[in-house]
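A quick write-up on the structure given underneath.
Protein chains: 2
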Amino acid sequence: MTRRRVSNPLALAVLSCLSERPMHPYEISTTLRTRGKEHSIKLNYGSLYAVVESLQKHGLITSRETLREGRRPERTIYEITAEGSSEFEDWLAELLSTPVRNYTSLEAGLSLMAGLPPAEVARLFEDRVVGLRIELGGIVAAEKVADDMGLPEVFSVETRFRQAMLTAEVDFVIDLAQRIRSEKLGGTEVWRRIHELRAAGMSYEQIMADPVGNLGKEAQILADNIDR
Amino acid sequence: MTRRRVSNPLALAVLSCLSERPMHPYEISTTLRTRGKEHSIKLNYGSLYAVVESLQKHGLITSRETLREGRRPERTIYEITAEGSSEFEDWLAELLSTPVRNYTSLEAGLSLMAGLPPAEVARLFEDRVVGLRIELGGIVAAEKVADDMGLPEVFSVETRFRQAMLTAEVDFVIDLAQRIRSEKLGGTEVWRRIHELRAAGMSYEQIMADPVGNLGKEAQILADNIDR
DNA sequence: TATCGAATACTCCATTCCGAGTAATCGAAG
DNA sequence: CTTCGATTACTCGGAATGGAGTATTCGATA
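Protein chains in written order, with the working numbering: chain A, 1 to 228; chain B, 1001 to 1228.
This is the structure:
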């Protein structure tokens, strides 16, 4: 059981919109878009309509009326229930107060990076830094626009947060790339050696048959960890 | 079309394991566990078996043999194909070099935080900091254990990365909580006022009928943004 | 005034995911 | 020697996801 009856964060955004006033799903989507919330909460129609239906099923919102103009598709207007309001507050409080594990793709990559040779990994990180700086540039520009429009900071803190996280990532990646290049990162020699031997045609299993002999005594730990 | 034929990062971990030697799925799972990779890549059995099957279907791995000991379930041993190897390298290179949007739950929360009153949000952030510090403590302890065992840093950079990100998050959240408490965060007064009026029984729509009158001239922007 | 692209307002459904369940075996303690 | 929890090794089905498709209308341009 996933603690929340509806667990997609998009549902929280829906409750947030309906806390203001009743809306129909498409209006919710455009509201979220114009406010820039779709940059922090993944929004696509498939999920939106599924989530709205699920919220209704669980009594957190109710449909108020269905109207149609001309031969356009129907628009069902939803409003939040008392139960929905308290779910909204409780859920939002939980999101703000309770750290949760978020798996990022960089973490996945880092955890397996020894699968590529050190020089290549360093180069890839240098590429990444270029990309990160471009993203950061975009965020800073967007912040400036919001500021010039007079939008108070409270309504775009998530952007500041992204900026902070991206900055920390840039710092980390630059440092890591340098430490790989200079072989100051612990184990880089063993790592490089493994790839040299593999490039020379030796299999991983052959290398690991005698790690210390093939790779040096730093590799003892690998021998200990890899055998069953 | 999701660029990769198999897009779950767990598939990358599977390919990584099979790059070393042939294994059966359960062995892959235990290998990933003992190496601590399941902290960076979500691992559950349902996904593991689905992903293995999908990798096979797409020709990135092949089953080598199926054996059974006693009346235990069958164990099918898989090995990586040449195509699988190049997919592994290509995919890993992409993960390392190319930033992607990762939606976090905190970002979702931040983007909607105006839905709760400022004082409460500040308190929630203070709670979060406690939790984050506990997590950080655990990570630092784990790093020490790895270091004492002599495990070279290359094989646990992902942990350092998590540490860096969590530290940046703590800094951000502490600063934000302080700026809310001291009302130095732009718009905090308007924000507080909205919740005071709502607590006094006024609806959001009533408030927004005359934002400047109800909330002060800082709220002009809200009027502009909220009407259609 | 005819056309064409953008916006409106969804629907569909093939994957993918993931938590819970199952069933056998092993090892240690009493 | 027997019981009980941990480990081994998966299977299953319901829920979530997300991209592509559909049908109408509006507004600008030629």
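Built from N, CA and C at the ideal position, the CB exists for glycine as well.
Keep in mind that this is a model prediction, so the values were computed, not measured.
- Here serine 19 of chain A really is in contact with glycine 1115 of chain B; their C-beta atoms are around 6 Å apart, less than 8 Å.
- Judged by beta-carbon spacing, valine 1100 of chain B lies beyond the 8 Å limit of valine 1051 of chain B, meaning their Cβ atoms are not closer than that value.
- In the DSSP assignment, glutamate 1183 of chain B falls outside any beta strand (DSSP E), carrying neither H nor E.
- Against chain B, the CB of valine 14 of chain A has no partner CB under 8 Å away; the residue lies outside that interface.
- Cβ neighbours of serine 16 of chain A within its own chain (closer than 7 Å, five residues either side excluded): Phe88.
- Put simply, the CB of tyrosine 1103 of chain B is near chain A, with a gap under 8 Å to one of its CB atoms.
- For glutamate 1183 of chain B, the closest alpha carbon among the candidates A/Val190, A/Arg181, A/Pro152 and A/Glu158 is that of A/Pro152.
- Of all residues in the segment 198-218 of chain A, only Ser203, Tyr204, Glu205, Met208 and Glu218 place a beta-carbon less than 9 Å from a beta-carbon of chain B.
- Of all residues in the segment 1080-1097 of chain B, the ones placed with a Cβ closer than 8 Å to any Cβ belonging to chain A are Phe1088, Glu1089, Leu1092, Ala1093, Leu1095, Leu1096 and Ser1097, in chain order.
- Rounded to whole angstroms, the gap between the alpha carbons of proline 211 of chain A and isoleucine 194 of chain A is 10 Å.
- Identification of residues in the segment 139-151 of chain A having a C-beta nearer than 7 Å to some C-beta of chain B yields Met149, Gly150 and Leu151, given in sequence order.
- Under the Cβ distance rule, serine 1111 of chain B counts among the residues neighbouring chain A, one pair being separated by less than 8 Å.
- For the pair alanine 108 of chain A and serine 1105 of chain B, the CB atoms are not nearer than the 8 Å cut-off.
- With a threshold of 8 Å between beta carbons, threonine 188 of chain A makes contact with chain B.
- Think of a sphere of 8 Å around the beta carbon of serine 1019 of chain B: the chain A residues whose beta carbon falls inside it are Gly115 and Tyr204, in chain order.
- For serine 1040 of chain B, the neighbours in chain A by C-beta distance under 8 Å run, in chain order, Tyr103, Glu107, Ala108, Leu110 and Ser111.
- In terms of Cβ geometry, isoleucine 1077 of chain B and serine 1063 of chain B form a close pair [threshold 8 Å].
- In this structure, B/Leu1048 is the residue among B/Pro1025, B/Gly1036 and B/Leu1048 with its C-alpha nearest to the C-alpha of proline 1009 of chain B.
- In terms of beta-carbon proximity, isoleucine 1221 of chain B lines the interface with chain A, with at least one pair separated by less than 8 Å.
- A Cβ-Cβ separation of about 6 Å places tryptophan 91 of chain A in contact with leucine 12 of chain A under the 8 Å criterion.
- In the displayed model, tyrosine 1078 of chain B falls within a strand according to three-state DSSP.
- Under the rule that a run must span 4 or more residues, the alpha helix (DSSP H) segments found entirely inside the segment 194-224 of chain A read 204-209 and 211-215.
- Judged by beta-carbon spacing, valine 154 of chain A lies within the 8 Å limit of leucine 1185 of chain B, meaning their Cβ atoms are closer than that value.
- The beta carbon of lysine 57 of chain A does not come within 8 Å of any beta carbon belonging to chain B, so the residue lies off that interface.
- Arginine 162 of chain A carries a helical assignment under DSSP once its states are collapsed to helix, strand and coil.
- Bounds of any alpha helix (DSSP H) do not take in serine 1156 of chain B, whose DSSP letter is neither H nor E.
- The beta-carbon of methionine 165 of chain A is placed less than 8 Å from the nearest beta-carbon of chain B.
- Under the DSSP assignment, isoleucine 28 of chain A falls in the alpha helix (DSSP H) whose first and last residues are 25-34.
- Serine 1086 of chain B has its alpha-carbon roughly 13 Å from the corresponding atom of histidine 1058 of chain B.
- Counting only the Cα atoms, phenylalanine 161 of chain A lies some 11 Å from aspartate 1175 of chain B.
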